[in-house]
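Peer 1: Position 185, counted from 1, in the sequence shown is what our numbering calls 185; the numbers after and before it change by one each time, with no gaps.
Cβ atoms here follow ideal geometry from the backbone N, Cα and C, with glycine treated the same way.
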Amino acid sequence: MPPRFRWTTFDLNGRFPAGWQRDIRAVAAVADFREFPRTPVLSREAPEVQRISRGRVHADQVRQHLPWLYRAYRGEFLELAGLACAERVAAARDDRYGVVLNVQRGTTMRFECHVDSNPLTGLLFCTDHQAGGELVFAHDATAADVCSVERDCSVIRPRAGHLIFFDARQHPHYARPLATAHDMRVVAVMNFYTESCPESTRPRELNKHLYGDD
Ligand SMILES: [Fe+2]
């Protein structure tokens, strides 16, 4: 049995630049929307699911268009990450996966069911949703598809301005589809590392898959 899943929430409303949600939505609207192939090593999708449709704003675009978010990842958010973790926490040195935006539009997109390789993930919700778009974490470390995750899980509803931290290396998780066709869900996702699980442990297959590394 993995440790019981838990997470830490910081409500950062009022701490961001004026119009931050509008700025993020504008960048998210031109995300790279397509079917993404399942992730090697970390995917926990059923075998027949080979592709999952969603949008991604890559780290270099976040840095260029949302510089305050890039700075916060290495500044205020990193400090808060330290409060959420017993170990000393570090931001990623590799800028390709420091902060990215994950985007869902309409009712057909969702985020792939997977486990994390990094020991601490930070997630800033940028949009609110009455229903749909929840983040769902399995209590069972062996859950290997969406149905198994849903059988016994913790469910987090997105609240704009809430920054959460969690360790989901042993808790398969995914984001549910939205409930309405014209809705858009945006989250900023951040990787953090610790001394016991440093950035050098990131699977090589992952960088090869995402960036074509050898
Ligand atoms: Fe994750």
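Taking the alpha carbon of histidine 182 as the reference point, which residue from Ala160, Ala86, Arg93 and Gly106 has its own alpha carbon closest?
Peer 2: Among Ala160, Ala86, Arg93 and Gly106, the Cα nearest to that of histidine 182 belongs to Gly106.
Peer 1: Do the region 172-191 and the region 136-149 meet, that is, are 3 or more Cβ pairs less than 8 Å apart?
Peer 2: Short answer: they touch.
Peer 1: Residues in its own chain within less than 7 Å of alanine 91 by CB, not counting five upstream and five downstream?
Peer 2: Counting only Cβ-Cβ distances below 7 Å, and skipping sequence neighbours, we find Tyr73, Arg74, Leu78, Gly98 and Phe192.
Peer 1: What is the C-beta distance between arginine 93 and glutamate 199, in whole angstroms, given that I count them as a contact (C-beta under 8 Å)?
Peer 2: At roughly 6 Å, the Cβ-Cβ gap stays under 8 Å, so arginine 93 and glutamate 199 are in contact.
Peer 1: Let me have the residue list for ligand 1: C-beta closer than 6 Å to any non-hydrogen atom, ordered along the chain.
Peer 2: With the cut-off at 6 Å, the residues found are His114, Asp116, Thr121, Ala168 and His173.
Peer 1: Could you tell me which of Leu80, Gln64 and Ile156 sits nearest to leucine 120, measuring between CA atoms?
Peer 2: The candidate whose alpha carbon is nearest that of leucine 120 is Leu80.
Peer 1: Grab the span of the beta strand (DSSP E) containing glutamine 104 for me, first residue to last.
Peer 2: From DSSP, the beta strand (DSSP E) with glutamine 104 extends over 99-105.
Peer 1: So, at 8 Å on beta carbons, what are the nonlocal neighbours of aspartate 60 in its own chain, with the 5 sequence-adjacent residues on each side left out?
Peer 2: The answer, listed in chain order, is Asp95 and Arg96.
Peer 1: Do alanine 84 and threonine 8 come within 8 Å of each other at the CB atom, strictly closer than that value?
Peer 2: The answer is yes: Cβ separation under 8 Å.
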